[in-house]
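Remarks on the structure that follows.
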Amino acid sequence: MNQNDQNTPGVRPMRRIMIAVDDSNASRQALRFAARIASPQAEVRIVCVADQPGAWIAGGAFTAGDAWITDTIATARKSLHAEAELTLEQALAAFKGRCAAVEGLVVGQGGESGAVVQALVAAARDWRADLLVVGARHRGRVKRWVDGSVSGALAVAAPCPLLVVPDEYATHESRAELGLARVVLATDGSEPSVHAIGAAMRLLSPPTILRAVYVVDRSGVAADPVPGSALQEAMSAQGRKALAAAVGQLAPSGCTTETQLVATALIRDDVAHAVLRDAQAWDADLVVLGTHGRRGVARWLLGSVAQRAVEVTHLPLLLVGPAQA
Numbered sequence: 001m002n003q004n005d006q007n008t009p010g011v012r013p014m015r016r017i018m019i020a021v022d023d024s025n026a027s028r029q030a031l032r033f034a035a036r037i038a039s040p041q042a043e044v045r046i047v048c049v050a051d052q053p054g055a056w057i058a059g060g061a062f063t064a065g066d067a068w069i070t071d072t073i074a075t076a077r078k079s080l081h082a083e084a085e086l087t088l089e090q091a092l093a094a095f096k097g098r099c100a101a102v103e104g105l106v107v108g109q110g111g112e113s114g115a116v117v118q119a120l121v122a123a124a125r126d127w128r129a130d131l132l133v134v135g136a137r138h139r140g141r142v143k144r145w146v147d148g149s150v151s152g153a154l155a156v157a158a159p160c161p162l163l164v165v166p167d168e169y170a171t172h173e174s175r176a177e178l179g180l181a182r183v184v185l186a187t188d189g190s191e192p193s194v195h196a197i198g199a200a201m202r203l204l205s206p207p208t209i210l211r212a213v214y215v216v217d218r219s220g221v222a223a224d225p226v227p228g229s230a231l232q233e234a235m236s237a238q239g240r241k242a243l244a245a246a247v248g249q250l251a252p253s254g255c256t257t258e259t260q261l262v263a264t265a266l267i268r269d270d271v272a273h274a275v276l277r278d279a280q281a282w283d284a285d286l287v288v289l290g291t292h293g294r295r296g297v298a299r300w301l302l303g304s305v306a307q308r309a310v311e312v313t314h315l316p317l318l319l320v321g322p323a324q325a
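Letter by letter, the sequence shown follows residues 1 to 325 of UniProt numbering.
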């Protein structure tokens, strides 16, 4: 029996799960992980964004009014739509007989990553999804800057909790039928962390083992006028307080919970790497992070632990914004 049959008292489970797919290995890993954690009572909607015909349709000596161009574009659109439907057919097979209801849907006419993000955000919002699941392919910095990152953009824009599964993640065969066995929940004591833990509890039940972690960020200690040891002790005290609050919030789940203070290196390190290093060493199945939902200049200046985590993770991430619990 899937552990998600047993719900935490007073906590509404995640029953409407939307999974975005394409023909990549990342999508296949996302499907496998979603099938592993979905309750038999869940409703699953698998969506595929059909691309537009390539950029060659713009410019040149011909216009969209030319008959042969119009016919060629129509043929290309049909072909791309057929490819999307085939992708959906293959994806639906992963959930056959596993959930209360499973359906597939071709959405939008994507093309560029920004349009794909908009189509997925609209689809998740219109369907009132409890959870949006996507795969992630890691790219070099230049390519990511030019092409954008669908999963990274969704970390800010998704209207519901976002589960990101990297293409290199492989489910432990021994845990394939166990749901979530080991989960790391990062907290900094902030409201977004409280929201993230609240959302995670909608997926959790015994015998899941939980590990709440607080990162003592030592990267700025050297430049601080307060002596390093005193400042680190103050941060550690704040961390212990945040961890105690997290344990109290998680208590109704009935799951075994442990806590850990984690420190960054003094140089060339960040909170995202520290959380993920600890999670990998602990053999976690999932890492939970709250996001502040910052956009534009504020996010650029202040940085985003969640988006940095998307870029470098080798483990599935559950990202939860302030209003998504």
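Note that CB positions come from ideal geometry on N, CA and C, so glycine has one too. Keep in mind the model is a prediction, meaning the values are calculated, not measured.
Buried/exposed call for residue i, threshold 16 Cβ in 10 Å
| i | result |
| --- | --- |
| T256 | exposed |
| I17 | buried |
| A91 | buried |
| R141 | Unreliable positioning characterises R141 in this predicted model, as indicated by a pLDDT of 47, which lies under 50. The coordinate reading is nonetheless provided below. Exposed: under 16 other Cβ atoms inside 10 Å. |
| H314 | exposed |
| I19 | buried |
| L319 | buried |
| M1 | Caution applies to M1, whose pLDDT of 38 falls short of 50 and renders its modelled position unreliable; the value that the coordinates give is listed next. Burial call: exposed. |
| I267 | exposed |
| R45 | buried |
| D283 | exposed |
| A246 | buried |
| A298 | The predicted position of A298 is uncertain, since its pLDDT is 40 and thus under 50; a value taken from the coordinates is nonetheless stated next. When all chains shown are included, A298 counts as exposed. |
| A129 | buried |
| R240 | exposed |
| A50 | buried |
| R308 | buried |
| R125 | exposed |
| P206 | exposed |
| L302 | For L302, the pLDDT reaches just 41, beneath the cut-off of 50, and the residue's location in the model is therefore unreliable, although a value from the coordinates is still provided. Exposed, because fewer than 16 other Cβ atoms sit within 10 Å of the Cβ of L302. |
| D22 | buried |
| residue 332 | Look at the range of the chain in this structure, 1 to 325, and you will see that residue 332 is not part of it. |
| G321 | buried |
| P316 | buried |
| A84 | buried |
| S304 | buried |
Check whether residue i and residue j have beta carbons under 8 Å apart
| i | j | result |
| --- | --- | --- |
| G198 | I37 | no |
| A35 | R98 | yes |
| D285 | R182 | yes |
| V275 | V213 | yes |
| G254 | A196 | no |
| P161 | L120 | no |
| I152 | V310 | Per the sequence presented here, residue 152 reads as Gly, with Ile not at that position. The answer is yes: Cβ separation under 8 Å. |
| P192 | H292 | yes |
| V117 | V150 | yes |
| L86 | G104 | no |
| V271 | A279 | no |
| A26 | P166 | yes |
| V107 | V47 | yes |
| A42 | A123 | no |
| H273 | V312 | yes |
| R32 | A93 | no |
| M201 | L250 | yes |
| Q260 | R211 | yes |
Of the residues the options, the one placed nearest residue i, counting alpha carbons only
| i | options | result |
| --- | --- | --- |
| I209 | E258, V165, P166, D188 | E258 |
| V133 | E233, A30, R202, V107 | A30 |
| A306 | L185, A245, S236 | L185 |
| T264 | V288, L243, M235, Q249 | M235 |
| A242 | T187, A200, E43 | T187 |
| R15 | R125, A123, D126, L203 | L203 |
| G114 | V156, S190, M201 | V156 |
| E233 | P252, R211, V262, L250 | V262 |
| R28 | E168, P13, W127, E83 | E168 |
| G248 | G189, P13, A170 | G189 |
N- and C-terminal bounds of the alpha helix (DSSP H) containing residue i
| i | result |
| --- | --- |
| S162 | First, the amino acid is wrong: residue 162 is Leu here, not Ser. No alpha helix (DSSP H) holds L162; the beta strand (DSSP E) holding it covers 162 to 166. |
| A200 | 191 to 200 |
| V275 | 271 to 281 |
| L154 | 150 to 157 |
| V183 | It is not in any alpha helix (DSSP H) - V183 instead sits in the beta strand (DSSP E) that spans 182 to 186. |
| V312 | 305 to 312 |
Residue i - partner residues in DSSP beta bridges
| i | result |
| --- | --- |
| V117 | DSSP output for V117 lists no bridge partner at all. |
| C48 | V106 |
| L92 | L92 pairs with nothing; no bridge assigned. |
| A101 | E43 |
| L317 | V164, V287 |
Bounding residues of the beta strand (DSSP E) (the contiguous stretch that carries residue i)
| i | result |
| --- | --- |
| Q41 | Taken as a continuous stretch (DSSP letters only), Q41 belongs to no beta strand (DSSP E), as it is neither H nor E. |
| R16 | 16 to 20 |
| R137 | Element bounds for R137: n/a, residue is neither H nor E. |
| R211 | 209 to 216 |
| V262 | 256 to 263 |
| G290 | 286 to 290 |
Distance cut-off 7 Å: residue i Cβ against heavy atoms of the ligand ADP
| i | result |
| --- | --- |
| A212 | Although the ligand ADP was asked about, the structure shown includes no ligands whatsoever. |
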